[in-house]
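**Student:**
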Amino acid sequence: NAGVMQNPRHLVRRRGQEARLRCSPMKGHSHVYWYRQLPEEGLKFMVYLQKENIIDESGMPKERFSAEFPKEGPSILRIQQVVRGDSAAYFCASSPPMRDTQYFGPGTRLTVL
Amino acid sequence: SQQGEEDPQALSIQEGENATMNCSYKTSINNLQWYRQNSGRGLVHLILIRSNEREKHSGRLRVTLDTSKKSSSLLITASRAADTASYFCATAVSNFGNEKLTFGTGTRLTIIP
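Residue numbers (my numbering), protein chains in the order written: chain R, 1 to 113; chain L, 1001 to 1113.
Written out as structure tokens, the structure reads:
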């Protein structure tokens, strides 16, 4: 059973460009979470999704950020018009229904030039 | 201070010694989890302790939870070089699983061979 997959592992964007981060949950996991980690800090929750539904987006910035988890395919975290402050590691986690433990992917390290 | 703060922020010990890290939190919780993060990698789940539990063991790991003090400790016995990593506590408040985790700021553990 493959773990949580994230791609790309590293992403470099110039200010103003768009960043798309992908996450494929573990097989059988219908719940996906996105977290952001700034250098030398802990992870901060961004959004929690189930298939075709956003359950909790209380950690998402109001502008430029969006997330989806379509019926088919990976979950996507999209950042429009990136700024230098968006540079961070973005982690995706997944879990099966009614479970507390979240399984994390290796992360995508976004660098905005 | 924020929900989930570990102390110390950094800890260096000799291989073979025991390492103790502490985590404090502010709100009532359903469970508390400890994760390990190796440099530049994703998080690995170590152990989960529920609010009605006081102590839990897993291999060389021992976790305690004191809900009256809103604190937890992680003890790693007989440390090894491979234990060098950052350790984070994370809390969940729901009884039903599948919710966001609130992470602490982490303890960076260095094991000196």
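Even for Gly, the Cβ is constructed at its ideal location relative to N, Cα and C.
Does V12(R) come out as helix, strand or coil in the three-state DSSP assignment?
**Tutor:** In the structure shown, V12(R) sits in a strand (DSSP, three-state: E or B).
**Student:** Once the 5 residues before and after R1036(L) are set aside, which same chain residues still bring their CB inside 6 angstroms of it?
**Tutor:** Cβ neighbours of R1036(L) beyond the five flanking positions: V1044, L1046, A1085 and Y1087.
**Student:** In whole angstroms, what is the alpha-carbon distance linking S1072(L) and V1063(L)?
**Tutor:** Between S1072(L) and V1063(L), the C-alpha separation is close to 7 angstroms.
**Student:** Go ahead and pull the three-state DSSP assignment for A93(R).
**Tutor:** Three-state DSSP puts A93(R) in a strand.
**Student:** Take V20(R) and list the residues in its own chain whose beta-carbon comes closer than 7 angstroms to its own, dropping the five residues that flank it on each side.
**Tutor:** It should be noted that the sequence gives Arg, not Val, for residue 20(R). Only I76 and R78 meet the Cβ criterion.
**Student:** Rounded to whole angstroms, what is the Cα-Cα separation between I1029(L) and T1077(L)?
**Tutor:** One C-alpha to the other measures close to 27 angstroms.
**Student:** Between P25(R) and R1041(L), is the Cβ-Cβ spacing less than 8 angstroms?
**Tutor:** Cβ distance not < 8 angstroms, so P25(R) and R1041(L) don't count as in contact.
**Student:** Could you work out which residues of chain R lie near L1065(L), taking near to mean beta carbons separated by less than 9 angstroms?
**Tutor:** The premise fails here: L1065(L) is roughly 14 angstroms from chain R at the closest Cβ pair, so nothing lies under 9 angstroms.
**Student:** Kindly list the residues whose CB is nearer than 7 angstroms to the CB of Q1002(L), restricted to its own chain and excluding five residues on each side of it in sequence; keep chain order.
**Tutor:** Here the model assigns Q1002(L) a pLDDT of 40, short of 50, so the residue's position is not dependable, and the following value carries that caveat. Result list for Q1002(L): empty, nothing under 7 angstroms.
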